[in-house]
Amino acid sequence: MSNATTGSRKIFSLPAVTPSTSVNSVSLIHVLSLLADDVLALRGAAFPVHRKYAREALRQVVVIREFLADVVAEALPASAFVGLAELHVALQKLGHLLRDLARPGARLWVLVNSDRVSNNFRALFRSVATALEVLPLGAASPEVMELVQLVAEQAWKAEGGTLPSDALAARIVWSALALFENGIEPDPIDLNDLMEHLQIRSWSDCSEEITFLEDLFFDCEENEAASIGSLEALMAYCRATLFDADDHNKRTGGNQFKALHRPVNHVNLDDLRCPISLELMLDPVTIATGQTYDRASISKWLKSGCLTCPVTGKKLTDTTFVSNYAVQHLVEQLCASKNLSFPEPNSKQKRDGSKTATPPSSAAAGAMKMAAAFLVRKLAFPTSLEQRRAAFEVRRLSKSNVFNRACLVEAGAVPWLLHLSSSMDSSTQDNAMAALLNLSKHPSGARAIVEVGGLGLVVDVIRLTFKVEAQQNAVAILFYLSLVEEYRAAIGDLPEAIPLLVELMREGSYRGKKNAIVTIFGLSLCSSNQVKILESGAVPALMALLSGQEKGNLANDSMAVLAKIAEHPDGTAKILCYDGAISRLVEFFRSTGTSRSGRESCVSALLSLCVNGGAEVVELLRSMPVVMPPLYSLVTEGSPQAGKKARSLLNRIHEV
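As structure tokens, this is what we get:
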């Protein structure tokens, strides 16, 4: 059975080390005392489930500790080792089990595994009783000896089974899941009773449970997914309907998203892993469905004859790729911040995103649909407080779960979030735009934004908002929409869309520039947008980024857009009008800071300039011998496509 980990140990696993027979009694008594103290340190912990067993275990350890403090180790006979060794194992296991019970995020999981937990306690109590019976109690004082004998006798009599209060709480869980399965909302009084029993009293407490169950879900076997996913959905429903995020906001100084906007620290590693290989995406590409994969993995997938999107299951009528330079930059920035080349993913970070594309059970589906409907009703409330809370919850639920996104779109969240995008409350606006960004990653979400006339509202946020985060999310929404061929022209038809993106490339923050560049790239794939991009001054802005202070990833991204622009005669003409354009491109091509993808884009641009610009461009390149070594290097070390273009460019340069 799969379990979430507690440190390096999986929950409900109770590993223990048996002491070596070479250990003397003095050392063993000392180690046992330390183990007992470690267990007794949990006396102040909350035990919402199995309270009676936890208290009994701690009472036994108190008596054991008194015995260990009272006994004279040197006076113990050699035969005492058997009992002491048994205690050594039992104390380790009791410590593990009590820590599992005290773990805040695992309360619901402990409850639904009550039979297993109670059986563990019963077995451990008997181990303690066995150990105490074989110990030479004469080595202790009469008072302690009498107390130990009493504990041993009671430990033998300890009964197993789920406690009545826990059984009642568990029945609420199973009843709620059955109601979800049948499309019926559970009684909120019952759910409140369940939360009170588990001592889940705030939004943050509930979130801890969801995080734990989510980790468990991604680490579980296929036959466990339905039950774990159902419990996670139950907690998500409770968080949405019973709690609000105010307590969480207060704990984070009133800005619940402060961490989200730190350059690298906010990044979720799972978002940077390919859903196919589960490795960091070193060459990320986005396909027609809007999903991003590592180029090698998705290429192998398609070559094997699978013409569907691995995550959404949607049939691919268009198998072309669009390089996702935004994701590539995040991976490179992350590695640079850690002083690593490319780290190997660990097992906990491996997440199969396709596991969330469909509900794990009908109960989970029912719970999420009802939670989505509840939140949409809250979004429609006339009070800004309720709207802000609902928008924040939508943001959280849609962050990484594909099915959650589908439910929220189906429930009608998109129109209300678009309405809140113009809210005068900056927090509400920020939450709404972040939620819309998450929903835009789902095909139905992107479609809903366009069909309800949301494109203009998104552009208005870029133009009018004073909060950088909301503006950046708005640009990111346009990026995801630009991945859909039929929406590219609609975005370009908005008079202010492309000029605003070009302005962001000039004056925006790093992330703003990044999002604007990749969005312009997506829009450039539509022929009707090409003239608009040129007329908006994109070429000078992109050329400036090639050698500006933001050298590196922004320059590589800019080069990719310039390569696309250069494919057309009008684009070539605009680039050649820029003073020193060819020299600037050659300098970029030779720079040690230019990535492989940047060099490949540059070769593509230079070749297009030669084709469309004629002999004058070729002659200019011929007069720059410094371009030759990196060109030959690309022929031998670049991708097949880049090598082919490099050879073609070399042939043109060498032609007499």
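By the UniProt record's numbering, the letter at position 74 of the sequence shown is numbered 74, and the numbering carries on one by one without gaps.
Yeah, the Cβ is synthetic: ideal placement off N, Cα and C, and Gly gets one too.
With a threshold of 8 angstroms on Cβ separation, who are the neighbours of residue i within its own chain once the five nearest residues in sequence on each side are excluded?
i    : result
G160 : S118, N119, F121, R122
L68  : I29, L32, S33, A36
V531 : D570
N651 : none
Considering only their Cβ atoms, is the gap separating residue j from residue i smaller than 8 angstroms?
i    : j    : result
N473 : I498 : no
P186 : A176 : yes
R65  : S33  : yes
L504 : I491 : no
A236 : R389 : no
C309 : T289 : yes
S604 : K574 : no
D70  : V134 : no
C610 : F588 : no
P48  : Q199 : yes
A367 : L234 : yes
L586 : I565 : What sits at residue 586 in the sequence shown is Val, not Leu. Result no, Cβ atoms of V586 and I565 do not sit closer than 8 angstroms.
S230 : S361 : yes
L124 : K93  : yes
A102 : A178 : no
Is DSSP giving residue i helix, strand or coil here?
i    : result
T308 : strand
T428 : helix
V475 : helix
T292 : strand
P188 : helix
R590 : helix
V23  : coil
S297 : helix
L316 : coil
N249 : In this predicted model, N249 has a pLDDT of only 48, less than 50, meaning its place in the structure is not dependable enough to derive any value.
L280 : strand
R9   : strand
S440 : helix
Comparing alpha-carbon positions, which option in the options lies nearest residue i?
i    : options                : result
P15  : V173, V89, R506        : V89
P359 : D283, I184, S421, E222 : E222
L607 : S165, L307, I653, G593 : I653
Y510 : I477, Y480, R43, V468  : V468
S354 : V31, S277, S591        : S277
F392 : F374, M145, D430       : D430
T130 : A85, T211, D100        : A85
E655 : P540, V617, L385, L28  : V617
N192 : F47, V626, F243, A296  : F243
P382 : D579, G522, W416       : W416
T356 : C407, K303, V82        : C407
K52  : P164, L631, V151       : P164
I533 : S547, N556, A544, P495 : P495
Y632 : L649, L40, D190, S623  : L649
Look at the alpha carbon of residue i and the alpha carbon of residue j, and state the distance between them as a whole number of angstroms.
i           : j    : result
residue 675 : S536 : This structure cannot settle anything about residue 675, because the visible part of the chain is limited to 1 through 656.
L213        : K314 : 28 angstroms
E637        : L216 : 43 angstroms
Q471        : I462 : 5 angstroms
E567        : C220 : 49 angstroms
K513        : S597 : 19 angstroms
D37         : L379 : 51 angstroms
V452        : G183 : 28 angstroms
T18         : A78  : 16 angstroms
A152        : V128 : 7 angstroms
E146        : D166 : 33 angstroms
T162        : T312 : 42 angstroms
R9          : E196 : 28 angstroms
P625        : D270 : 45 angstroms
S227        : Y293 : 29 angstroms
L455        : R488 : 11 angstroms
K157        : R126 : 9 angstroms
Please go through the same chain and pick out, in chain order, the residues whose beta-carbon is closer than 6 angstroms to the beta-carbon of residue i, but skip the five residues on each side of it.
i    : result
L542 : S558, V561, L562
L35  : L91
D493 : none
A411 : A372, A373, V376
P263 : Reliability fails at P263, whose pLDDT of 46 lies under 50, so the model's placement of it is uncertain and no value is given.
Can you list, in chain order, the residues of its chain with a C-beta nearer than 7 angstroms to that of residue i? Leave out the 5 residues immediately preceding and following it.
i           : result
M433        : S421, V461, A470, N473, A474
L340        : Because L340 carries a pLDDT of 47, less than 50, the predicted location of this residue cannot be relied on, and the following value inherits that uncertainty. Closer than 7 angstroms at Cβ, skipping near neighbours: no residue.
L104        : Checking the sequence, you will find Pro at residue 104 rather than Leu. These residues qualify, in order along the chain: D205, E208.
S440        : A446, I449, I477, Y480, L481
N438        : R395, S398, K399, R405
residue 678 : Nothing can be reported for residue 678, as the shown portion of the chain is limited to 1 through 656.
D100        : T6, I11, F12, A106, V110
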